[in-house]
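Here's the structure, in structure tokens; my notes come after.
2 protein chains.
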Amino acid sequence: MKGFFKVQTPAQLYQKLNCFKPLSSEEVPLEESLHRVLAEDVTSPMNLPEFPRSTVDGFAVKAKDTYGASEKNPALLQIVGEIPMGKVSEITLKDGEAIKIATGGMVPEGADAVEMVEYTGWVDGQTIHAFKTLSPLENVIQAGEDIKAGEVVLRKGRLIRPQEVGLLAGIGRTTIRVFRRPKVGIISSGDEIVPVDEKPNSGEVRDINRYTIVSMVRESGGIPFFFGIAKDRFDDLKDKIETGLNEMDMVVITGGSSVGTLDLVGEVLQSFPKTEVLGHGLSIRPGKPTLLAGVQGKPFLGLPGHPVSAMVIFYLFGKTILNILSGWSDEMKPQGRRKVRAGRNIPSVAGREDYVRVTLEEKDGILWAYPIFGKSGAIAHLTHADGLLRIDMNEEGLEEGEEAEAILL
Amino acid sequence: MKGFFKVQTPAQLYQKLNCFKPLSSEEVPLEESLHRVLAEDVTSPMNLPEFPRSTVDGFAVKAKDTYGASEKNPALLQIVGEIPMGKVSEITLKDGEAIKIATGGMVPEGADAVEMVEYTGWVDGQTIHAFKTLSPLENVIQAGEDIKAGEVVLRKGRLIRPQEVGLLAGIGRTTIRVFRRPKVGIISSGDEIVPVDEKPNSGEVRDINRYTIVSMVRESGGIPFFFGIAKDRFDDLKDKIETGLNEMDMVVITGGSSVGTLDLVGEVLQSFPKTEVLGHGLSIRPGKPTLLAGVQGKPFLGLPGHPVSAMVIFYLFGKTILNILSGWSDEMKPQGRRKVRAGRNIPSVAGREDYVRVTLEEKDGILWAYPIFGKSGAIAHLTHADGLLRIDMNEEGLEEGEEAEAILL
């Protein structure tokens, strides 16, 4: 059973994640593309804007007619009409003329700038004063200035946010090719675990992990399927894991009694063809017994049974694997991690990465992290936490005021 | 038309948002509670854990039997069995005895501490050496140590994250009372706007706002419904707005030709009973013509037609209003906003808040903001942006290196 019990650093295990590849792609309607990942390079079939548009409310003019204009010496211009929104103006502007235009309106033939309404004054019903000298193209966005026809506007691997949806609408895309959302099979295990709607007998506990893992898979863009609670027995584990690997893109199991169960899970995995154990045992706290394998190319993640440990490891590895399967190629956005300072001395043991539950408090632009105490690190503590503070493998804790990085929860 | 055209600061308008109230509540299954907001104080019906549990793998003992134990002078203990997971051990531990236990196992009667397996050694099949002195309750989490029966564990107004779902599972909740998700009616308007699947004629543009607003409503926990594109005419606007206000919890309109349309929209609102215009005109860029009203207590938000302006104002006001309707009482989490430094000089005009599209780059723990150039602030530019940099009303721009706040996109 190669790889077993050779404790690795989290960084070593991270490097092995590139053996997993993005899933296949599918075409979805534009309105369902939010938070999906592009599986194509998107090329614009057109210029945007398609015609020269005013960026202000005011009067379209020839810039040269305003040369030298000022508060004291305004230019006098003849009003020849108003640009109707959504229509092509049939007017061609001549020297000394101006035409009323709203933001977004089509700048007519002959005009090359727009004087903002704030810098004009009516002389009579047909004449205005323009108080500001304009340069050519001032307050005008030219055809193709935003996007040129044939230009690649969004690349494969891009996460689709509201603004990307808007851009795709702007160039007339009604369907988009995106990577499939990963289907994730979730198994709870442990003889002491009972479903949430059962009253546990003494010695038993309710299945918390089912709900936290399902929720985190959903937040990571995956589609979770729960495969039930496996007893700590080879046959029951094998049955559920095999079904999961056949039907899903990834399988996550939480091991009721931590090390013991994940050993048994490791044996089950070895009974399948083409299993490669990438890691079993991490120099990290919490989460030491973590097991990661590829079975016929599909990721299999074995998490400790303790709910907090399971969540920490899922934040670190599960989300990253789901990002890879989803085809997301962007670098990690600054949303997820923040530089913080330790609000007090926080002890740690060198030789493993430590993830400490903290509350975060902003003072004068600095984010201070205060550890949450509690022997167990139970789920109740995690609901008080705003983040997980990372203490490096080479540090023996942090001193008050020292900088470190936190993952925001 | 009270309130019209009196330009307000964003801060003044913010203060008026407290006239809106959370929606009614509903009961949902636990598995659908993620990202909803609690509408009840949740009390635990039980202790968690319900029984004393070991926090390590090792041997349950009487602490006093290890007093004085050390590497050189280990305590000798008699093994009397193993705690089965999920079962009540029938053994009562006597002086000088130890029993094998896994993490999470139930500490048996008579035992009050657990010696970690790392600090033990087998002497023979029935006897171990314990090398470390334990204090009472060491490595044991007592019944009720995480949560006491009757304790309020989560308060009304709390956003439900994966860890809250886990806690609710842990105390056996299968359904949860949460606030209703706001239904949001979305109207596009403007004579120049055509649906995305139509080829625009010259002077026309595709309806980008429909897709960006729908996406942002979804991201904010609302349920978006699109009511179509209204022409810039009183009757058409009134028809769609009236239906929206009757059927939805909130209505958002984007005005094709900015100021002009929102004036007409203002007139439509005044034709309804119990309309209170909270603001029309903001000292902000982009987004000056913004209109906010309460119609029979329901929020109505009129956004400029320019897609970038509409998005900026929705980020600032739309999301906040949806948070209020959703009953979310938490303070704004640090996720959404970051302290950054200007990567170069960024000019601005005093007297209005300026939101500049920026890319963000982290160097040595400092997040640098670089403005994105482009006359139009078009949607394509927003897809390159990581954030919106806020320049205060009282500043004439930022100097390179100066600190400011950015909203992350």
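Going down the list, the sequences are from chains A and B.
564 is the number of the first residue of the first sequence in our numbering; add one for each residue after it.
564 is the number of the first residue of the second sequence in our numbering; add one for each residue after it.
Virtual Cβ for every residue (Gly too), placed ideally from N, Cα, C.
*Select from 950(B), 639(B), 659(B) and 633(B) the residue whose C-alpha is nearest the C-alpha of residue 917(B).*
In the second sequence, residue 917(B) corresponds to position 354, counting from 1. Ranking 950(B), 639(B), 659(B) and 633(B) by Cα distance to residue 917(B) puts 950(B) first.
*Using the beta-carbon count (16 or more within 10 Å), is residue 865(B) buried or exposed?*
Counted from its first residue, the second sequence places residue 865(B) at position 302. Taking every protein chain shown into account, the CB of residue 865(B) has 16 or more other CB atoms within 10 angstroms, so this residue is buried.
*So which residues on chain A does residue 669(B) lean against when the C-beta distance must stay under 8 Å?*
The sequence position of residue 669(B) within the second sequence is 106, counting from 1. Those are 765 and 766, listed as they occur along chain A.
_Give me, in chain order, the residues of the same chain whose beta-carbon lies closer than 7 Å to that of residue 966(A); leave out the 5 immediate sequence neighbours on both sides._
Against the first sequence, residue 966(A) aligns to sequence position 403. The answer, listed in chain order, is 902 and 904.
*Please classify residue 619(B): does DSSP put it in a helix, a strand, or coil?*
Stepping through the second sequence from its first residue, residue 619(B) is reached at position 56. Coil.
*Express the C-alpha separation of residue 921(A) and residue 948(A) in angstroms, rounding to a whole number.*
As a working mapping, residue 948(A) is identified with position 385 in the first sequence. As a working mapping, residue 921(A) is identified with position 358 in the first sequence. The alpha-carbon atoms of residue 948(A) and residue 921(A) are separated by roughly 5 Å.
*To the nearest angstrom, report how far apart residue 694(B) and residue 684(B) are at their CA atoms.*
Here residue 694(B) is taken as the residue at index 131 of the second sequence, counted from 1. Here residue 684(B) is taken as the residue at index 121 of the second sequence, counted from 1. Their Cα atoms are separated by approximately 8 Å.
*To the nearest whole angstrom, what separates the beta carbons of residue 876(A) and residue 853(A), a pair I think is in contact under 8 Å?*
As a working mapping, residue 876(A) is identified with position 313 in the first sequence. As a working mapping, residue 853(A) is identified with position 290 in the first sequence. Residue 876(A) to residue 853(A), Cβ: 5 Å. Contact.
*Contacts that residue 902(B) makes with chain A (C-beta to C-beta distance below 9 Å)*: As a working note, residue 902(B) is residue 339 in the second sequence. Contact note: residue 902(B) reaches chain A through 925, 928, 929 and 930, using a C-beta cutoff of 9 Å and chain order.
_Please classify residue 972(B) as buried or exposed, where buried requires at least 16 other C-beta atoms within 10 Å of its C-beta._
The sequence position of residue 972(B) within the second sequence is 409, counting from 1. Buried, because 16 or more other Cβ atoms sit within 10 Å of the Cβ of residue 972(B).
*asked:* Counting C-beta neighbours from all protein chains within 10 Å, is the total for residue 606(A) 16 or more, i.e. buried, or is it exposed?
replied: Residue numbering aside, residue 606(A) sits at position 43 when the first sequence is read from its first letter. Burial call: exposed.
_Rounded to whole angstroms, what is the Cα-Cα separation between residue 629(B) and residue 676(B)?_
Stepping through the second sequence from its first residue, residue 629(B) is reached at position 66. Stepping through the second sequence from its first residue, residue 676(B) is reached at position 113. Approximately 10 Å, taken between the alpha carbons.
*Environment of residue 957(A) [buried if 16+ CB atoms lie within 10 Å]*: Locating residue 957(A) in the first sequence gives position 394, counting from the first residue. Residue 957(A) comes out exposed.
*For residue 611(A) and residue 723(A), believed in contact at Cβ under 8 Å, the rounded distance*: Position 160 of the first sequence, counting from 1, holds the residue named residue 723(A). Position 48 of the first sequence, counting from 1, holds the residue named residue 611(A). In fact, because the Cβ distance is near 18 Å, the residues do not count as touching under 8 Å.
_Same chain, Cβ closer than 8 Å to residue 579(A), neighbours up to 5 away in sequence not counted_ = Position 16 of the first sequence, counted from the first residue, corresponds to residue 579(A). For residue 579(A), where only same-chain residues beyond five positions count, the Cβ hits under 8 Å are 841, 842 and 855.
*Whole-number beta carbon distance between residue 784(A) and residue 885(A), since they are thought to touch under 8 Å*: Along the first sequence, read from residue 1 onward, the residue named residue 885(A) stands at position 322. Along the first sequence, read from residue 1 onward, the residue named residue 784(A) stands at position 221. Between residue 784(A) and residue 885(A) the Cβ distance is about 6 Å, and since that is below 8 Å, they are a contact.
*Would you say residue 637(A) and residue 655(A) are within 9 Å of each other, going by their C-beta atoms?*
As a working note, residue 637(A) is residue 74 in the first sequence. As a working note, residue 655(A) is residue 92 in the first sequence. Contact flag unset, no.
*beta strand (DSSP E) containing residue 679(B): first to last residue?*
Taking the second sequence and counting its residues from 1, one reaches residue 679(B) at position 116. Residue 679(B) -> beta strand (DSSP E) spans 676-679.
_Contact between the region 736-756 of chain B and the region 649-669 of chain A is defined here as three or more beta-carbon pairs at a separation below 8 Å; is this criterion met?_
yes
_Please list, in chain order, the residues of the region 573-594 of chain A that have any C-beta partner in chain B closer than 9 Å._
593 and 594
*Identify the residues that DSSP records as bridge partners of residue 950(A): which are they?*
Looking up residue 950(A) in the first sequence gives position 387. DSSP output for residue 950(A) lists 921(A) and 971(A) as bridge partner(s).
*Could you run through the region 635-665 of chain B and flag, in chain order, every residue whose CB is less than 9 Å away from some CB of chain A?*
646, 647, 648, 649, 650, 651, 652 and 665
*Quick one: what does DSSP say residue 944(A) is sitting in, helix, strand or coil?*
Within the first sequence, numbered from 1, the residue matching residue 944(A) stands at position 381. Residue 944(A): helix per DSSP, three-state reduction.
_Could you tell me the alpha carbon to alpha carbon distance between residue 789(A) and residue 772(B), rounded to whole angstroms?_
Translated into the one-based positions of the first sequence, residue 789(A) becomes position 226. Translated into the one-based positions of the second sequence, residue 772(B) becomes position 209. One alpha carbon belongs to residue 789(A), the other to residue 772(B), and they sit about 38 Å apart.
*In three-state terms, what does DSSP make of residue 573(B)?*
By 1-based counting over the second sequence, the position of residue 573(B) is 10. In the structure shown, residue 573(B) sits in a helix (DSSP, three-state: H, G or I).
*Is it the case that the Cβ atoms of residue 729(A) and residue 680(A) are separated by a distance below 9 Å?*
Position 166 of the first sequence, counted from the first residue, corresponds to residue 729(A). Position 117 of the first sequence, counted from the first residue, corresponds to residue 680(A). No.
*asked:* Less than 8 Å between C-beta atoms, sequence neighbours within five positions excluded: which residues of the same chain meet that for residue 604(B)?
replied: Taking the first residue of the second sequence as 1, we reach residue 604(B) at position 41. 715, 717, 718 and 719.
*Neighbourhood of residue 705(A) by C-beta distance below 7 Å, restricted to the same chain and skipping five residues each side*: In the first sequence, the residue the question calls residue 705(A) occupies position 142. Same-chain partners within the cutoff: 615.
*What is the C-beta distance between residue 888(A) and residue 583(A), in whole angstroms, given that I count them as a contact (C-beta under 8 Å)?*
Position 325 of the first sequence, counted from the start, is the residue given in the question as residue 888(A). Position 20 of the first sequence, counted from the start, is the residue given in the question as residue 583(A). Indeed they touch by this definition, with Cβ atoms about 6 Å apart.
*Helix or strand or just coil, what does DSSP make of residue 690(A)?*
Here residue 690(A) refers to the residue found at position 127 of the first sequence. Residue 690(A): strand per DSSP, three-state reduction.
*Tell me, please, whether the CB atom of residue 726(B) is closer than 9 Å to any CB atom in chain A?*
Position 163 of the second sequence, counted from the first residue, corresponds to residue 726(B). Yes, its Cβ sits closer than 9 Å to a Cβ of chain A.
*Starting from residue 767(A), follow the beta strand (DSSP E) in both directions and report where the run begins and ends.*
Residue mapping note: residue 767(A) aligns to position 204 of the first sequence, counting from 1. Boundaries cannot be given for residue 767(A), as no beta strand (DSSP E) includes it and DSSP labels it neither H nor E.
*What separation, rounded to the nearest whole angstrom, lies between the Cα atoms of residue 763(B) and residue 769(B)?*
Here residue 763(B) corresponds to residue number 200 of the second sequence, with the count starting at 1. Here residue 769(B) corresponds to residue number 206 of the second sequence, with the count starting at 1. Going from the Cα of residue 763(B) to the Cα of residue 769(B) covers about 7 Å.
*Distance between residue 703(B) and residue 626(B) (C-alpha atoms, nearest Å)*: Here residue 626(B) refers to the residue found at position 63 of the second sequence. Here residue 703(B) refers to the residue found at position 140 of the second sequence. Distance between the alpha carbons of residue 626(B) and residue 703(B): 11 Å.
_So the candidates are 588(A), 648(A), 868(A) and 696(A); which of them puts its Cα closest to the Cα of residue 682(A)?_
Residue mapping note: residue 682(A) aligns to position 119 of the first sequence, counting from 1. Of the candidates 588(A), 648(A), 868(A) and 696(A), the one whose C-alpha sits nearest the C-alpha of residue 682(A) is 696(A).
_Distance cutoff 9 Å, beta carbons only. Does residue 551(B) sit that close to anything in chain A?_
Beyond the ends of chain B as shown, which are 564 and 972, falls residue 551(B); an answer cannot be given.
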